[in-house]
Ligand code: ADP
Ligand code: MG
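Residue numbers (the working numbering): -3 to 256.
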């Protein structure tokens, strides 16, 4: 079982879109997938067709050790028809309080890691959707993971923000989790007609070389519409350009994981 965080401390850069579409894409190519929603906004939960308001148990209970993952996970049944179903350890509103509640507890950054160890035999891939911060929740994700997938828009300030994230990942690698590595940078919401995006994309490749995924996710309105139907884009409209790109990305991920 390989565990990946989808992280970037900026909001609105495409983390959740990447998480749910990659989860569905990986399920489609036969992987057993668990998606963990670590963002109190619960967008990845809702975007998988699970109503965060009616969840009996969530990742909050798992972090506070009042439930196990096998008790708290639910199946994204609505995706089953298209062969893209995965399990969801969902987030609800109360997760926003977890940060404060965890601070005083022991092993506060290792809670998710310990919980995931109990379902090790049941999944090929775990994908963790991180909140837009370098908080204790994100730290739980980074301490659990083998790698980080970083979605980013090719905009001027994107590179600057990347430095903070790379430093955090280095710190976690040095002090808390020696398995952690950057799997790759994923260019999302890409529009090749915009010269600046091409330039930033070229800079990324110059700096990070093969850490930049080959697959590029285009800006595609179908991907933005899908969450309001409670579906990942790859299920909502499998033939949309963005959906095809995410399935291609899932295949690229499988190849990378195999070589890890
Ligand atoms: P984050 O989780 O980093 O905050 P989201 O995945 O929620 O980011 O994406 C932010 C917004 O951009 C959402 O409204 C989403 O639907 C939209 N979006 C994400 N990726 C794309 C894309 N490739 N094309 C068009 N819209 C996108
Ligand atoms: Mg999000």
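C-beta: ideal position from N, C-alpha, C; glycine also. Only a predicted model underlies this, so the values are computations on that prediction, with no experimental measurement involved.
Could you check whether the Cβ of residue i sits closer than 6 Å to any heavy atom belonging to the ligand ADP?
i	result
residue 48	no
residue 219	yes
residue 213	yes
residue 185	yes
residue 180	no
residue 32	no
residue 216	yes
residue 9	yes
At a cut-off of 6 Å, would you count residue i as near the ligand MG, judging by its Cβ distance to the nearest heavy atom?
i	result
residue 35	yes
residue 12	yes
residue 39	yes
For residue i versus residue j, is the C-beta distance shorter than 7 Å?
i	j	result
residue 180	residue 209	yes
residue 213	residue 184	yes
residue 81	residue 75	yes
residue 157	residue 6	yes
residue 2	residue 65	no
residue 9	residue 148	yes
residue 93	residue 48	no
residue 79	residue 243	no
In whole angstroms, what is the alpha-carbon distance linking residue i and residue j?
i	j	result
residue 200	residue 146	12 Å
residue 105	residue 134	9 Å
residue 195	residue 52	47 Å
residue 18	residue 162	22 Å
residue 198	residue 191	11 Å
residue 236	residue 84	24 Å
Is residue i helix, strand or coil by DSSP?
i	result
residue 143	strand
residue 189	coil
residue 114	coil
residue 204	helix
residue 270	Given that the chain is displayed from residue -3 to residue 256, the structure contains no residue 270 and the question cannot be resolved.
residue 133	helix
residue 69	coil
residue -2	strand
residue 254	helix
Please decide whether residue i counts as near chain B, where near means a Cβ-Cβ distance under 7 Å.
i	result
residue 70	Looking for chain B here will not work: only one protein chain is present.
For this session: Give a yes or no on contact between the region 32 to 51 and the region 167 to 179, applying the rule of three or more CB pairs nearer than 8 Å.
Result: no
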